[in-house]
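**Q** Just dropping this structure here.
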Amino acid sequence: MLGCIVLGEKNAFPVDFDTGKTIGYLKRAIKEQAELAGPAHKLILWKVNIPESKKQEIYEGINIKVKFRGEELDSDLKTIGQVFKEQPSSEHIHIIVELPKPTITGSGQLKSLKTVEEIIEEISKNLKKRKSEPKSPNQLNMPLQHREFKEALVRVEETTRANVEGVIGNLNYWCFVSSGAPGIGKTRFGMELFDHIQKNWKPPQEWNDVHFEYLYMDFGTSLYLDDCDCELIPTVIFGLRVAYVFFMEKNYYITFHLFRSIVLAYGNDIFFFESVIDYCYKSLKFSNNQKLFLYLHIDRFHKIDAWDAKNKTKELFKNMIRNLAKYMLTENLTFIQPFLSGTAPRAIAEQKKTTDISFQFVDCPLLDNASIIRIMDHFATKFKAPTENHVYKWKFCVPLIQLLMDTGGLPRALEQLFTTCFMKLCDNGEEFFRELESHDYDNIFTNVKGDLEKMYNIYYKVEGNKELAIKLLYHCVEGIPIDEDECLDEKLKITVKDLQSDGHFALSPLSPCLYLIEMPFFFICLYNDILKIVNVNLAKTFQVKYWQRWELFVAHHISFRVNLAIKMGKDKLSLRELHPGAYGTDNDLDIIMKLKKLFTYETGEQFPLNLDLTLKSDGTKIHWKDGRSVVVNSSSAEFADIFLVMEDENGVYYLIMGQNKWDYCSVKMTESNVYKEDDKNLSGIEGSPELQNYQPITIIFTTQPYRERKKTSNILIVSMDNFKSYFGPIFSARATFAFTKAINPNFWEINSLQNTHEGIGEASIGLRNTSLGATDIGSGSKPQSKSSLENKLLESPQWENKVEFTLKELVLHDINKRQNDLIEHRITKAENKFLFTTICATCSIICTILSARTSLEKNDTDNKTIDVKTSYIIISFFAINYFTKTCNKELLLFTEIF
Numbered sequence: 068m069l070g071c072i073v074l075g076e077k078n079a080f081p082v083d084f085d086t087g088k089t090i091g092y093l094k095r096a097i098k099e100q101a102e103l104a105g106p107a108h109k110l111i112l113w114k115v116n117i118p119e120s121k122k123q124e125i126y127e128g129i130n131i132k133v134k135f136r137g138e139e140l141d142s143d144l145k146t147i148g149q150v151f152k153e154q155p156s157s158e159h160i161h162i163i164v165e166l167p168k169p170t171i172t173g174s175g176q177l178k179s180l181k182t183v184e185e186i187i188e189e190i191s192k193n194l195k196k197r198k199s200e201p202k203s204p205n206q207l208n209m210p211l212q213h214r215e216f217k218e219a220l221v222r223v224e225e226t227t228r229a230n231v232e233g234v235i236g237n238l239n240y241w242c243f244v245s246s247g248a249p250g251i252g253k254t255r256f257g258m259e260l261f262d263h264i265q266k267n268w269k270p271p272q273e274w275n276d277v278h279f280e281y282l283y284m285d286f287g288t289s290l291y292l293d294d295c296d297c298e299l300i301p302t303v304i305f306g307l308r309v310a311y312v313f314f315m316e317k318n319y320y321i322t323f324h325l326f327r328s329i330v331l332a333y334g335n336d337i338f339f340f341e342s343v344i345d346y347c348y349k350s351l352k353f354s355n356n357q358k359l360f361l362y363l364h365i366d367r368f369h370k371i372d373a374w375d376a377k378n379k380t381k382e383l384f385k386n387m388i389r390n391l392a393k394y395m396l397t398e399n400l401t402f403i404q405p406f407l408s409g410t411a412p413r414a415i416a417e418q419k420k421t422t423d424i425s426f427q428f429v430d431c432p433l434l435d436n437a438s439i440i441r442i443m444d445h446f447a448t449k450f451k452a453p454t455e456n457h458v459y460k461w462k463f464c465v466p467l468i469q470l471l472m473d474t475g476g477l478p479r480a481l482e483q484l485f486t487t488c489f490m491k492l493c494d495n496g497e498e499f500f501r502e503l504e505s506h507d508y509d510n511i512f513t514n515v516k517g518d519l520e521k522m523y524n525i526y527y528k529v530e531g532n533k534e535l536a537i538k539l540l541y542h543c544v545e546g547i548p549i550d551e552d553e554c555l556d557e558k559l560k561i562t563v564k565d566l567q568s569d570g571h572f573a574l575s576p577l578s579p580c581l582y583l584i585e586m587p588f589f590f591i592c593l594y595n596d597i598l599k600i601v602n603v604n605l606a607k608t609f610q611v612k613y614w615q616r617w618e619l620f621v622a623h624h625i626s627f628r629v630n631l632a633i634k635m636g637k638d639k640l641s642l643r644e645l646h647p648g649a650y651g652t653d654n655d656l657d658i659i660m661k662l663k664k665l666f667t668y669e670t671g672e673q674f675p676l677n678l679d680l681t682l683k684s685d686g687t688k689i690h691w692k693d694g695r696s697v698v699v700n701s702s703s704a705e706f707a708d709i710f711l712v713m714e715d716e717n718g719v720y721y722l723i724m725g726q727n728k729w730d731y732c733s734v735k736m737t738e739s740n741v742y743k744e745d746d747k748n749l750s751g752i753e754g755s756p757e758l759q760n761y762q763p764i765t766i767i768f769t770t771q772p773y774r775e776r777k778k779t780s781n782i783l784i785v786s787m788d789n790f791k792s793y794f795g796p797i798f799s800a801r802a803t804f805a806f807t808k809a810i811n812p813n814f815w816e817i818n819s820l821q822n823t824h825e826g827i828g829e830a831s832i833g834l835r836n837t838s839l840g841a842t843d844i845g846s847g848s849k850p851q852s853k854s855s856l857e858n859k860l861l862e863s864p865q866w867e868n869k870v871e872f873t874l875k876e877l878v879l880h881d882i883n884k885r886q887n888d889l890i891e892h893r894i895t896k897a898e899n900k901f902l903f904t905t906i907c908a909t910c911s912i913i914c915t916i917l918s919a920r921t922s923l924e925k926n927d928t929d930n931k932t933i934d935v936k937t938s939y940i941i942i943s944f945f946a947i948n949y950f951t952k953t954c955n956k957e958l959l960l961f962t963e964i965f
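Heads up, this note's numbering is the position in the sequence shown plus 67, with the first residue counted as 1.
Structure follows, in structure tokens:
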């Protein structure tokens, strides 16, 4: 297999060869593979040996013989075996294909052509036309979410109205700019905005029958700038590219750089931008002075800015904006609406002072959780994903939900996850959803992480500037606001805003001047691979498949944050900084602790009954007294779940004891609960003379709300109310339990429903550990014994073959069972029986309507259709709870279930 590339193109391609075949045969094979026009024997082949990673160094104008020690294959009769005597290296380019020069006339001179029209027509005669077969739709094209076009549409109306009325002033003419991290959806926004304008914008009445054209120009790939452009004036540099995209790219097999070389053979002063635009309009053959609305989408405009930095006399970007402005400010048959997408906002800021137009930055934020869920539901619908009681089964799959959250809402990361799941792991999306239980989600994470590393080249960039990477990671993990103009690298003088072009993070506005640095969890793991904040696989460290491992999550989180602070050059932190957002006394929170690099260990012994601790995995001794160990206690220990020794700045040693309280029943954490946990730890210390030299501090981590305002010495509380503050934007999202409970009540435990929502079953309902099997999918765990209610249900004939019960079935069974008693109870308590009767009557009417609708749609297989009895139960339940003032909570609950 020979790796080949056409001079001037960006991508290489493989060609099979036989050592017994001739070079002439190889030329024909290359011509066919690359779909090149013209005779094969006129192709010029150069033998080289270049790693594919350096293909960007191959461009027109270079001396192949000097730069790459190229050998021209000038004999078509030689065999390939005579040229390649050894096996060619894999992942290398072996052949550079140089295309023949432009055709000349019989007199040996180029035809004398002096207009854009004449040259375009002449070039087109000798080119092979592209097939006009329509492209099949991209099955993985994500629906647009969390994007707003309203303000942009207003700006279009302002600009076109100003154009018609001849208004003077740059605040009336707008060029759109989408800047931000690579992969955040800038290019997609530009494309979708054009469609939105075309469908929703009303052109000025003065314009006659507007014709829309979308022109996409990518300066990062096919239209990249090179040394040949240095010899041209800016208007020709830009004009050549517009001409290529408008006339050649979609119609003929020819690269831009070959097109440019042919055009320049006729002269370098013909393809002025204005001349090209004039011929674009003429080629459309309008009648009656029809208006052309040319939406010019210039992608990766930061490449233009970077080229300008090396060629300071050209000012290409500045001149390009001036050329575009002419068609916005003045009356012309062509109106141009520019849209710039890229990662160089500073270049735009510099143009504001020198141009006659203004720049409107459009917002492309990271996708929020709701948008991610809607996108996943879109694919679930597309691929006919299985459901359970009208709910897609994927919503029960905790590892899959966690993967979605690990993308951080970065569209490119989300897209790569879908590609891995629907195309690489499985043959199609239907197979993926059908086999949810059998997928290796750790392997999916690893594959997506590897693909993202290749896309963003994060290892190389982090390795190249570890100090800067640590600062970025620290601000991101700690959720520290930062000014976009702040310089994190004094040597390079690069601001936070400039660093976005590297694609490591996005800036999320917190206030007019401050931003949060946000990264997908995939990127955090890639950073840790190089920086070694913790010497373990970060993804598995913070993987919470079972809530019983919650203490490991907390232990690793403490180690990670302390070690990251040390790498930031900090040697002391207060407990307030170590445990942000925790409830406690000021005296405790202001204690300054010395920092040591921490390691997380899991012991098999019960501390403090046994002070000689060893690793649970291999029996190695744990030196817990040295202040470098965060120890996860034996699961059967009465004492703290985790503990570590720390020394304050005055030399006092503290035993920090972490007690993890899971949300067993959603009731708030009371003071008595707090004292009980603290007393349990203190009694353990009092029984051990060796621990008397340590000052105890208990930290209670709980998913229960804490509302008490009284603060107690030596006790800190991290409750669900301040998880966001404590764990920060990255790790609070990583905690699987927090997210799964937020998006789907099928993950809630019945006790949680009892205490949160009045009117749902009393203590008659028990549950197994995995919350109705919600975490069973993809976790590898086996369902535990069924609850007492499930066993009762199994005794009923209609359920005798039932294996699993969803929350909906359990809750509705219980409601149905107690409905009459509950209604009777509420009637006696209600102050206004008339209002209650009115509500019930309304419920009956609604049920009648639903009944009629159901009979009309009895053949409807829509998963969202529910039966009349269920409807009656739900509506009655709302009526009942009207009197308990919890209706809003119930509405949310049942909306999610159904």
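Note that CB positions come from ideal geometry on N, CA and C, so glycine has one too.
What you are looking at is a predicted structure, and each value in this text was computed from that prediction instead of being measured.
(1) For a test of the three-state rule: what should DSSP assign to residue 120, helix, strand or coil?
(2) How should residue 726 be labelled, buried or exposed, when 16 other C-beta atoms within 10 angstroms of its C-beta is the threshold for buried?
(3) Is DSSP giving residue 727 helix, strand or coil here?
(4) Taking 8 Å as the cut-off, decide whether the C-beta atoms of residue 706 and residue 756 are in contact.
(5) Does the region 465–473 touch the region 420–434, meaning 3 or more C-beta pairs lie closer than 8 Å?
(6) Please name the residue in 667, 694 and 695 whose C-alpha comes closest to that of residue 684.
(7) Go through the region 479–561 residue by residue and report every complete run of the alpha helix (DSSP H) that reaches 4 residues or more, in order.
(8) DSSP three-state label for residue 474, please.
(9) Taking the runs of the alpha helix (DSSP H) that are 4 residues or longer, which of them lie wholly in the region 683–768?
(10) From the DSSP output, read off the bridge partner residues of residue 405.
(11) Jot down the residue ranges of each uninterrupted alpha helix (DSSP H) in the region 72–108, minimum 4 residues, whole runs only, in chain order.
(12) Put residue 585 into one of helix, strand or coil per three-state DSSP.
(13) State the beta-bridge partners of residue 576 as determined by DSSP.
(14) Strictly under 8 Å for the Cβ-Cβ distance: is residue 458 near chain C by that measure?
(15) Taking just the CA atoms, how far does residue 348 sit from residue 403?
(16) How many whole angstroms separate the CB atoms of residue 481 and residue 439, which I take to be in contact at a CB cut-off of 8 Å?
(17) Using 8 Å as the Cβ pair cut-off and three pairs as the minimum, do the region 308–321 and the region 442–452 touch?
(18) Give me the Cβ distance between residue 789 and residue 649, rounded to the nearest whole Å; I'm assuming they're in contact under 8 Å.
(19) In whole angstroms, what separates the C-alpha of residue 83 from that of residue 308?
(20) Can you tell me the Cβ-Cβ gap for residue 1003 and residue 246, rounded? I've got them flagged as a contact below 8 Å.
(21) How should residue 690 be labelled, buried or exposed, when 16 other C-beta atoms within 10 angstroms of its C-beta is the threshold for buried?
(22) Below 8 Å between beta carbons: does that hold for residue 87 and residue 146?
(23) Between which residues of its own chain and residue 719 is the CB-CB distance below 7 Å, once the five residues before and five after are set aside?
(24) Looking only at its chain, what residues have a beta carbon closer than 7 Å to the beta carbon of residue 321, apart from the 5 residues adjacent to it on each side?
(25) What's the C-alpha gap between residue 558 and residue 630?
(26) Please report the Cβ distance between residue 412 and residue 528, rounded to the nearest whole angstrom; I am assuming they are in contact, meaning their Cβ atoms lie under 8 Å.
(27) In the DSSP output, which residue or residues are listed as bridge partners for residue 111?
(28) When you compare each of 331, 397 and 163 to residue 125 by their alpha carbons, which one comes out closest?
(29) Where do the ends of the alpha helix (DSSP H) carrying residue 660 lie?
(30) Could you compute how far the alpha carbon of residue 259 sits from the alpha carbon of residue 362?
(31) Less than 7 Å between C-beta atoms, sequence neighbours within five positions excluded: which residues of the same chain meet that for residue 381?
(32) Where residue 229 and residue 120 are concerned, what is the direct C-alpha to C-alpha distance, given to the nearest angstrom?
(33) Under 8 Å between the Cβ atoms of residue 511 and residue 540?
(34) In its own chain, which residues sit with a C-beta less than 6 Å from the C-beta of residue 406, not counting the 5 before and 5 after it?
(35) Helix, strand or coil, according to DSSP, for residue 423 in the structure here?
(36) May I ask you to verify whether the region 790–799 touches the region 740–755, counting CB pairs closer than 8 Å and requiring at least 3?
**A** Let me lay it out:
(1) As a first step, residue 120 is located in the sequence shown; it is residue number 53 there, counting from the start. Helix, per DSSP.
(2) The residue labelled residue 726 in the question sits at position 659 within the sequence shown. A residue is called buried when at least 16 other Cβ atoms come within 10 angstroms of its Cβ; residue 726 meets this threshold and is buried.
(3) Locating residue 727 in the sequence shown gives position 660, counting from the first residue. Of the three classes helix, strand and coil, the one that applies to residue 727 here is strand, per DSSP.
(4) Residue numbering aside, residue 706 sits at position 639 when the sequence shown is read from its first letter. Residue numbering aside, residue 756 sits at position 689 when the sequence shown is read from its first letter. For the pair residue 706 and residue 756, the CB atoms are not nearer than the 8 Å cut-off.
(5) These segments do not touch.
(6) Along the sequence shown, one-based indexing puts residue 684 at 617. That would be 667, whose Cα lies nearest to the Cα of residue 684.
(7) Within the region 479–561, the complete alpha helix (DSSP H) runs of at least 4 residues are 496–501, 508–523, 525–531 and 533–545.
(8) Taking the sequence shown and counting its residues from 1, one reaches residue 474 at position 407. It is coil, neither helix nor strand.
(9) Segments of the alpha helix (DSSP H) lying fully in the region 683–768: 738–753.
(10) For this step, residue 405 is matched to residue 338 along the sequence shown. As DSSP reads the structure, residue 405 sits in a beta bridge with 363.
(11) Runs of the alpha helix (DSSP H) inside the region 72–108: 90–101.
(12) Residue mapping note: residue 585 aligns to position 518 of the sequence shown, counting from 1. Note: residue 585 maps to strand in three-state DSSP.
(13) Walking along the sequence shown from the start, residue 576 turns up at place 509. When beta bridges are read from the DSSP output, residue 576 appears opposite 582.
(14) In summary, chain C is missing from the structure at hand, where a single protein chain is found.
(15) Sequence index remark: in the sequence shown, residue 403 carries index 336 (1-based). Sequence index remark: in the sequence shown, residue 348 carries index 281 (1-based). Approximately 12 Å, taken between the alpha carbons.
(16) Walking along the sequence shown from the start, residue 481 turns up at place 414. Walking along the sequence shown from the start, residue 439 turns up at place 372. Correct: roughly 7 Å between the Cβ atoms.
(17) The answer is no - the region 442–452 does not touch the region 308–321, with fewer than three Cβ pairs under 8 Å.
(18) Position 722 of the sequence shown, counted from the start, is the residue given in the question as residue 789. Position 582 of the sequence shown, counted from the start, is the residue given in the question as residue 649. Yes, residue 789 and residue 649 are in contact; Cβ-Cβ is about 7 Å, under 8 Å.
(19) The residue you call residue 83 lines up with position 16 of the sequence shown. The residue you call residue 308 lines up with position 241 of the sequence shown. The straight-line gap from Cα to Cα measures roughly 34 Å.
(20) With the chain covering 68 to 965 only, the question about residue 1003 has no answer from this structure.
(21) As a working note, residue 690 is residue 623 in the sequence shown. When all chains shown are included, residue 690 counts as exposed.
(22) Sequence index remark: in the sequence shown, residue 87 carries index 20 (1-based). Sequence index remark: in the sequence shown, residue 146 carries index 79 (1-based). Inclusion of residue 87 and residue 146 in the CB contact set at 8 Å is warranted, their separation being smaller than that value.
(23) In the sequence shown, residue 719 corresponds to position 652, counting from 1. Counting only Cβ-Cβ distances below 7 Å, and skipping sequence neighbours, we find 762.
(24) The sequence position of residue 321 within the sequence shown is 254, counting from 1. Cβ within range, chain order: 194 and 315.
(25) By 1-based counting over the sequence shown, the position of residue 558 is 491. By 1-based counting over the sequence shown, the position of residue 630 is 563. If I take the Cα positions, the gap works out to 25 Å.
(26) In the sequence shown, the residue the question calls residue 412 occupies position 345. In the sequence shown, the residue the question calls residue 528 occupies position 461. Beta-carbon to beta-carbon, residue 412 and residue 528 are separated by about 20 Å, too far to satisfy the 8 Å threshold.
(27) As a working mapping, residue 111 is identified with position 44 in the sequence shown. Beta-bridge pairing links residue 111 to 165.
(28) Counting from one through the sequence shown, the residue named residue 125 turns up at place 58. Proximity to residue 125 across 331, 397 and 163 peaks at 163, based on C-alpha coordinates.
(29) For the purposes of this step, residue 660 is identified with residue 593 of the sequence shown, where counting begins at 1. Here residue 660 belongs to no alpha helix (DSSP H); instead the beta strand (DSSP E) covers 659–661.
(30) Residue 259 sits at position 192 when you count from the first residue of the sequence shown. Residue 362 sits at position 295 when you count from the first residue of the sequence shown. When rounded, the distance between both Cα atoms is 12 Å.
(31) In the sequence shown, residue 381 corresponds to position 314, counting from 1. Excluding positions up to five away in sequence, the list reads 301 and 375.
(32) As a position in the sequence shown, residue 229 is number 162, starting the count at 1. As a position in the sequence shown, residue 120 is number 53, starting the count at 1. Answer to the nearest angstrom: the Cα atoms are 49 Å apart.
(33) Here residue 511 corresponds to residue number 444 of the sequence shown, with the count starting at 1. Here residue 540 corresponds to residue number 473 of the sequence shown, with the count starting at 1. Against a cut-off of 8 Å, the Cβ pair of residue 540 and residue 511 comes out as no contact.
(34) To locate residue 406, count along the sequence shown from 1; it is residue 339. Taking residue 406 as the centre and dropping the five residues before and after it, the same chain places the C-beta of 243, 257 and 364 closer than 6 Å to its C-beta, in chain order.
(35) Here residue 423 corresponds to residue number 356 of the sequence shown, with the count starting at 1. The answer is coil: DSSP assigns residue 423 none of H, G, I, E or B.
(36) Because the criterion of three Cβ pairs below 8 Å is not met, the region 790–799 and the region 740–755 do not touch.
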